[in-house]
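The listed protein sequences correspond, in order, to chains F and P. Each residue of the first sequence is one higher than the one before, counting from 1 in my numbering. Each residue of the second sequence is one higher than the one before, counting from 1001 in my numbering. Glycine is no exception: its CB is placed at the ideal position from the N, C-alpha and C atoms.
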Amino acid sequence: MNTATMEAPVRPQDAHRASPTEYHVERAAEGAAITISNFNLFYGAAQALYDVNMEIQRGMVTALIGPSGCGKSTLLRSLNRMNDLVDNLRINGQVKVGLHNRPDGLDIYAPGTDVIALRKRMGMVFQKPNPFPKSIFENVVYPLRVEGISDKAMLEEACERALKGAALWEEAKDRLQESALGLSGGQQQRLCIARAIAAEPEILLMDEPCSALDPIATAKVEDLMYQLRGQFTIVIVTHSMQQAARVSDNTAFMYLGRLIEYGATDTVFTGPKVQQTNDYVTGRFG
Amino acid sequence: MSTYIESKGASVSAEPQAKSVRRYTADLSAVGEPALWAFGGALALGIILVSGFLLAIFWNGVSTFWPKPIEVVTLKDGGQVAGEPSRVNLYRLEPNVLAALPEAVRNQIARNDGYVRRNLYRIGNYDLYNEDFRWVSEFDVASSERPRDFFFVERQEWGPFIGRIKELVVDDLNVAPDTLGVDGLRREQAAARARFDEIRRIERSEIGKVNHLINQERLELRRVELRHGVDSAEFREQTTRSQARIAELEKEYVVLQARADEIKARDQRFRVVLEEVGGDTKETQLSQVVRFYPANDLSLFGKIGVYLSRWGEFLTAEPREANTEGGILPAIFGTVVMTLLMVFVVAPFGVITALYLREYAKQGRLVAMVRIAVNNLAGVPSIVYGVFGLGFFAYTVGGGIDALFFPERLPSPTFGTGGILWSALTLALLTVPVVIVAAEEALSAVPRSIREGSLACGASKWQTIRSVVLPHALPGIMTGLILAMARGAGEVAPLMLVGVVKLAPELPVDGFFPFVHLERSFMHLGFHIFDVGFQSRNSEAGKPMVFVTTLLLLALIVAMNSSAIYIRNRLKRQFAGSQF
């Protein structure tokens, strides 16, 4: 069981932290950003999530791993109610999102919840880059435009900050008014990340953000997550266990709609408590 | 397909060793699949039909205005015919006519299998002959020549005159045309036309304006009467005011009329005496001559000049002679304005409907039924829309508007009859299914990921639709609009009921407040084609006009569509780029 070979490599920018464990303890004191309790989800008659209970720590990177169809993306999309777009969707249970104005947690499925306000506080990056058919600048400042901000200086400042945050500024600063569709795939994905962080949300949801990227672009996005950790609470769905090991503080392993094991990434990869997790992380199935 | 490829491949590889080399030359029956030939043949047939049709319209339309020579034909019985050769055909003689012919001619006809060739001449001079065209059989012809002194004279009324210019009366003094020469004639005619235009301008715009103001004054009086009653102080006050104003305007009218009469009187002193081939003469005012040219004495440049001047008149003038001559500016204007008006109505209406159906409505049985109904609307015969437009828009809505806003004009209707607005609305109704279907397709083709991206940014549904979905769907929506426009611009049947007329002297836009008169009836190129081709006194005379008008209508639709396509492509370019 302890033969799990995954080892999170220590990155230069991570060196100042004494150890991941210490970092955990330090951040965990700040409490849970998202609390999921007894959460069940049904697509029509088919149940996709069974009794999920989970606390996502504030300021940390939490990875959701598991084989295809296990419900990771469904769970992620439940966190900002993107699943609302699906017909015949039913849920029961509770998801509480702690935002700065609601530290006790906002019950997002309670009737009368302002979904739009919620989504404004939660950025989301999708599996495939989905830039809008607009200029790079307009793509990045879209969340601000949506809020009705039209002050040029403010938008420009936000655009520069977001693009720098997404490590795209150097490549894009001279072509801000060009179509975003002219960027390469990796650039488009970083643009989508810039868009997701432009309005300075508190939580960043990433649904397999690197699945369509080449290794170089993937490395850039991962670097980015390292830099963003601490500022944002990041939840990332990933297929790549190496990636989960590299970037996350906590890892949740899901299988067939159930949360099998959830804990610090080190523990999940090197000493999982459940046999299924061990089999998965060592590549015996999945 | 596969067997064909295999057999070919095998034989190619076998070729070097084979003793008898198999050749794949034009053995059409043996190669290829029947279905392929059927599809290719159908395509070729379609292309040939369409391009033949376009070519026929183009050639006939383009050549119509080219000046033709005038032939003077002397018949065997001594009579003479002068006219433009129009076309030729072969026919069989009645036996009794044939029997009456001399032996030599009969033999000649027998050698031609009994067929006789005849020429159709456009002889003009309708006021003298009561016909525009005349057939002349070849065996009747003794001789034919093209005299240089024959003129083709286009007149304001009665159509063209073909003959000599015998005499000119300049300021009541007779002048032999030879002393003036063609240039002098042309100068005098230009001066006469200038007088004609001046008279028309005074009568149309100046007297028209006075009449308009008098009418406004009467309407104002009637309005006050309706509001306050005949016995009221307001009415009495308005009566005195209106009468004073009308008296003033009538004085103006008298002055203008006197000015017009003066010019008319002067115009009477310039006349031209035309002589037809048989020697009959016709005296007419010089100002009635629109254009004249010595048909057989024209240089190439002269011909080009006449050609261009005719095109110029066609495109910029009003029709004359029951629409068979003159220009079609009102029809061009009416078609363009009506089509644009229709687009402005149908675009928002169709797009909003599609947006609701696709984005907001809960997809269920009801929406499915609405969709089926919309699709079926596209198949309703267009005349039914015309009947509906007349009954609903013109009589019900228009009648209501009249009763509410224009009671002083009743019983003569303002909006309560066919007009350009009702035509545009009727056509909008006719074309809205096309737009809805196209817009729905375009909306459903917007990738889900982009909508999600926008929603995840905290955009509301409407913000998402407005700033992400609609821009993305716009090229597709434009395609639907282009289709709708093409259909609307070419539609005639419903318009005959809701506002198109044979001749509309007033354009829907003029200098009188409120400048745009959407209640007015208008002229339309499609209806013009029908009217000139099939409703005029002589369809042979209208035929060239039909071709030219068809050519113009096609050109107009092509122009409107190309500009729409240009706009669409510019929009599309916005979304181009290396898509992942």
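How big is the Cα-Cα spacing for residue i and residue j?
i, j, result
"Pro-1447/P", "Ala-158/F", "27 Å"
"Gly-1386/P", "Val-1546/P", "24 Å"
"Glu-170/F", "Leu-181/F", "17 Å"
"Ile-91/F", "Ala-166/F", "34 Å"
"Ala-1042/P", "Leu-1049/P", "10 Å"
"Gln-242/F", "Met-1560/P", "59 Å"
"Leu-75/F", "Ile-1420/P", "59 Å"
"Glu-261/F", "Met-60/F", "17 Å"
"Ile-1332/P", "Leu-1507/P", "11 Å"
"Leu-106/F", "Val-141/F", "26 Å"
"Asn-250/F", "Arg-119/F", "23 Å"
"Pro-1147/P", "Asn-1296/P", "7 Å"
"Ser-1299/P", "Val-1290/P", "20 Å"
"Gln-1108/P", "Asp-1140/P", "13 Å"
"Gly-1418/P", "Phe-1392/P", "11 Å"
"Val-1500/P", "Glu-160/F", "60 Å"
"Thr-21/F", "Leu-204/F", "Its pLDDT being 44, under 50, Thr-21/F is placed unreliably in this model, and the value from its coordinates should be taken loosely. Approximately 22 Å, taken between the alpha carbons."
"Ser-1002/P", "Glu-1033/P", "Any reading at Ser-1002/P needs caution, since the residue's pLDDT is 43, under 50, leaving its predicted position unreliable; the model's value is listed next. Straight-line Cα distance between these residues: approximately 10 Å."
Given residue i, which residues of its chain have a CB within under 7 Å of its CB, disregarding the five upstream and five downstream residues?
i, result
"Ser-287/F", "Within the shown structure, residues of chain F are numbered from 1 to 286, placing residue 287/F beyond reach of any answer."
"Phe-1349/P", "Ala-1428 and Val-1432"
"Gly-1416/P", "Ala-1394, Tyr-1395, Gly-1398, Gly-1399 and Asp-1402"
"Cys-70/F", "Met-254, Tyr-255, Leu-256 and Gly-257"
"Gln-276/F", "Tyr-255 and Ile-260"
"Tyr-1126/P", "Asp-1132, Trp-1158 and Gly-1159"
Within its chain, find whatever has a CB closer than 6 Å to the CB of residue i; leave out the 5 residues flanking it on each side and keep chain order.
i, result
"Phe-1133/P", "Leu-1120, Arg-1122 and Glu-1540"
"Lys-96/F", "Thr-35, Gly-105 and Asp-107"
"Arg-1106/P", "none"
"Arg-1195/P", "Ile-1263, Asp-1267 and Ser-1287"
What residues of chain F sit near residue i, judged by a beta carbon separation below 7 Å?
i, result
"Pro-1475/P", "The premise fails here: Pro-1475/P is roughly 10 Å from chain F at the closest Cβ pair, so nothing lies under 7 Å."
"Ser-1521/P", "Correct list: empty, because the minimum Cβ distance to chain F is about 44 Å."
Output needed for residue i: all residues of its chain with C-beta closer than 8 Å, excluding positions within five of it in sequence on either side, in chain order.
i, result
"Gly-1389/P", "Trp-1422, Ser-1423, Leu-1425, Thr-1426, Leu-1429, Pro-1494, Leu-1497 and Val-1498"
"Asn-1375/P", "Pro-1433 and Val-1437"
"Ser-1242/P", "Glu-1217, Arg-1218, Glu-1220 and Leu-1221"
"Arg-1259/P", "Ile-1202"
"Pro-129/F", "Gly-185, Gln-188, Gln-189, Leu-191, Cys-192 and Ala-212"
"Ser-135/F", "Leu-176, Gln-177, Glu-178, Ser-179 and Ala-180"
Between residue i and residue j, which are expected to be in contact by the criterion C-beta below 8 Å, what is the C-beta distance as a whole number of angstroms?
i, j, result
"Gly-185/F", "Leu-213/F", "6 Å"
"Ile-1465/P", "Leu-1355/P", "7 Å"
"Phe-1314/P", "Val-1169/P", "About 30 Å; that fails the 8 Å criterion."
"Leu-99/F", "Glu-202/F", "6 Å"
"Thr-1550/P", "Ile-1529/P", "6 Å"
"Lys-220/F", "Arg-190/F", "7 Å"
"Ala-198/F", "Ala-162/F", "4 Å"
"Ile-1557/P", "Gly-1480/P", "With a Cβ gap of about 16 Å, Ile-1557/P and Gly-1480/P do not count as contacting."
"Lys-1502/P", "Asp-1531/P", "5 Å"
"Val-1277/P", "Ala-1082/P", "4 Å"
"Met-124/F", "Ala-48/F", "Their Cβ separation, rounded to whole angstroms, is 19 Å, which puts Met-124/F and Ala-48/F out of contact at 8 Å."
So residue i contacts chain P; which residues on that side make the cut at Cβ distance below 8 Å?
i, result
"Cys-192/F", "Gly-1453"
"Met-82/F", "Glu-1452, Leu-1455 and Ala-1456"
"Arg-284/F", "Correct list: empty, because the minimum Cβ distance to chain P is about 33 Å."
"Arg-195/F", "Gly-1453 and Cys-1457"
Residues of chain F with CB closer than 9 Å to the CB of residue i, please, in chain order.
i, result
"Ser-1449/P", "Phe-126, Gln-127, Lys-128, Pro-129 and Asn-130"
"Val-1603/P", "Nothing about residue 1603/P can be reported from this structure: the residues present for chain P run from 1001 to 1580 only."
Along chain B, in chain order, which residues have C-beta atoms closer than 8 Å to that of residue i?
i, result
"Ile-116/F", "Checking the listed chains, one finds no chain B in this structure; the protein chains it contains are F and P."
Below 7 Å on C-beta distance, what does residue i contact in chain P?
i, result
"Val-146/F", "Cys-1457, Gly-1458, Ala-1459 and Gln-1463"
"Gly-143/F", "Inspection of the sequence shows that residue 143/F is occupied by Pro rather than by Gly. Chain P residues near Pro-143/F: Cys-1457 and Gly-1458."
"Met-154/F", "Under the 7 Å cutoff, chain P gives no residues; its nearest Cβ is about 17 Å from Met-154/F."
"Lys-120/F", "Gly-1458"
Can you pull the chain F neighbours of residue i, defined as C-beta to C-beta under 8 Å?
i, result
"Val-1351/P", "Near Val-1351/P there are no residues of chain F at all, since even the closest Cβ is about 18 Å away, more than 8 Å."
Run through chain P and tell me which residues come within less than 9 Å of residue i, C-beta to C-beta.
i, result
"Arg-161/F", "None at all; the shortest Cβ gap to chain P is about 16 Å."
Go through the stretch 1436-1524 of chain P residue by residue and report every complete run of the alpha helix (DSSP H) that reaches 4 residues or more, in order. Runs found: 1448-1456, 1461-1464, 1470-1490 and 1495-1498.
Would you mind listing the alpha helix (DSSP H) stretches within the stretch 1220-1262 of chain P that are 4+ residues and don't spill past its ends, in chain order? Listed in chain order, nothing qualifies, since the stretch 1220-1262 of chain P has no complete alpha helix (DSSP H) run of 4 or more residues.
As an exercise, report each continuous alpha helix (DSSP H) stretch of at least 4 residues that is fully enclosed by the stretch 1162-1229 of chain P, in chain order. Within the stretch 1162-1229 of chain P, the complete alpha helix (DSSP H) runs of at least 4 residues are 1177-1201 and 1207-1228.
List, from N- to C-terminal side, the beta strand (DSSP E) runs of 3 residues or more that fit wholly inside the stretch 91-143 of chain F. Listed in chain order, they are 102-107 and 122-125.
Within the stretch 1023-1081 of chain P, note down every full alpha helix (DSSP H) run reaching 4 residues or more, in order along the chain. As far as the stretch 1023-1081 of chain P is concerned, its whole alpha helix (DSSP H) runs of at least 4 residues are 1034-1063.
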